[in-house]
Ligand code: EPU
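Put into structure tokens, the structure is as follows:
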């Protein structure tokens, strides 16, 4: 187990904030995690934060508590049936390495979620999603440890998954640490290609394959989303707001191009990226923070921005969107 005081988090957050943790702990096994939780450091330091790849975090400054990270990177097939496999994966496994592995094995279900930054543990907290698929569609169960050291397995239903949402972000926030996720992957693919121009891109080279989907998704993402190694960012900064259909219809009178995705009879989801873009924010900077010039949903660190600078930009955008469209957009990124 790695245990270090006054530890730089620069390599642990994709926004590129050069901040420090009072104590950083990285464990390799469930037993190490258990021993650490029993040792009393969490109580001594007063607060803790468990991170994954740091791709959904914005630090305001140094973190005075304990930052924990899983280095559990095991992958084992726990059930091999005629039509599917159940794969149990350690929380510290890099998400996209897992997707690459599945595609290579011919296991279907996660190929649309290619090239998403982050790790397996966070995938199950955040319910990551892209191109018509959410990870909840393939999660069979989630193994976790409570901070008192007791273990619990959550079924998919018990995780209360919603759009970028789960019980681990709400009632159980800060109470459980995810140690493993068990995914169910299919041996016969059902291709989901109805998002944007994904089908056209995949079928340009003939019959779809898992690898062709992975390649097409990666190309689309690379064309819109900045590489955090070049330009610090945390992917979508805001979630897409869900609004009443009546409100959407009224807006459509005024803005005929406003896109939407159906949710239910009464609600639709409106892309925050469209709202921010059409309000004129795309590419605009405020100090060292800016709105990305190819996807307005992404805020970027132009170099040396503080967390507060990014938050100030986010607040200005929220205010402006509310004044223009009467829609409240909320950050997806965790401000620490
Ligand atoms: N749009 C604009 N201008 C922009 C950005 C978007 O007009 O600057 C419009 C697009 O033309 C399109 C619509 O908004 O009509 C949707 O855009 P896009 O397909 O890029 O997806 P999104 O709704 O902005 C969501 C996810 C992304 C995910 C994509 C693809 C959220 C918060 N974001 O973005 O997830 O990759 O769909 O499925 O749901 C992430 O979570 O970090 C992330 C990148």
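Residue numbers (the working numbering): 1463 to 1798.
Glycine is no exception: its CB is placed at the ideal position from the N, C-alpha and C atoms.
### Task
Compute the Euclidean distance between the alpha carbons of residue 1687 and residue 1757, then round it to the nearest angstrom.
Cα-Cα distance, rounded: 7 angstroms.
Next on the checklist: Here's the rule: buried if 16 or more other CB atoms are within 10 angstroms of the residue's CB, otherwise exposed. What is residue 1667?
Outcome noted: Residue 1667 is classed as exposed because its beta carbon has fewer than 16 other beta carbons within 10 Å across all chains shown.
- Task: Let me know the secondary structure DSSP gives residue 1673 once reduced to three states.
- Result: DSSP places residue 1673 in helix when its eight states are reduced to three.
Original post:
What's the call for residue 1658, buried or exposed, on a 16-neighbour Cβ count within 10 Å?
Top reply: Counting the other Cβ atoms within 10 Å of the Cβ of residue 1658 gives fewer than 16, which makes it exposed.
*asked:* Looking at the secondary structure, which residues open and close the alpha helix (DSSP H) in which residue 1560 lies?
replied: Residues 1557–1567.
Checklist entry - Apart from the five residues just before and just after residue 1784, which ones in its own chain have a Cβ nearer than 6 angstroms to its Cβ? => result Within its own chain, the residues whose Cβ lies closer than 6 angstroms to the Cβ of residue 1784, once the five positions on either side in sequence are excluded, are 1790, listed in chain order.
Anyone know if the C-beta pair for residue 1702 and residue 1520 falls short of 8 angstroms? Taking 8 angstroms as the Cβ cut-off, residue 1702 and residue 1520 do not qualify as a contacting pair.
Item to check | Simplified DSSP assignment, three categories, for residue 1546 | outcome: Residue 1546: strand per DSSP, three-state reduction.
query = From which residue to which residue does the alpha helix (DSSP H) around residue 1746 run?
reply = Taken as a continuous stretch (DSSP letters only), residue 1746 belongs to no alpha helix (DSSP H), as it is neither H nor E.
query = Under the criterion of a Cβ to heavy atom distance below 7 angstroms, does residue 1781 qualify as lining the ligand EPU?
reply = The answer is no for residue 1781.
- Message: Suppose contacts are defined by Cβ-Cβ distances below 8 angstroms. Is residue 1648 in contact with residue 1546 by that definition?
- Response: In contact: residue 1648 and residue 1546 (Cβ atoms closer than 8 angstroms).
**Report entry** DSSP bridge partner residues for residue 1612 (one or two, in chain order)
**Finding:** For residue 1612, no pairing in a beta bridge is given by DSSP.
Leaving out five residues before and five after residue 1709 in sequence, what residues of the same chain have Cβ atoms less than 8 angstroms from its Cβ? 1788 and 1789.
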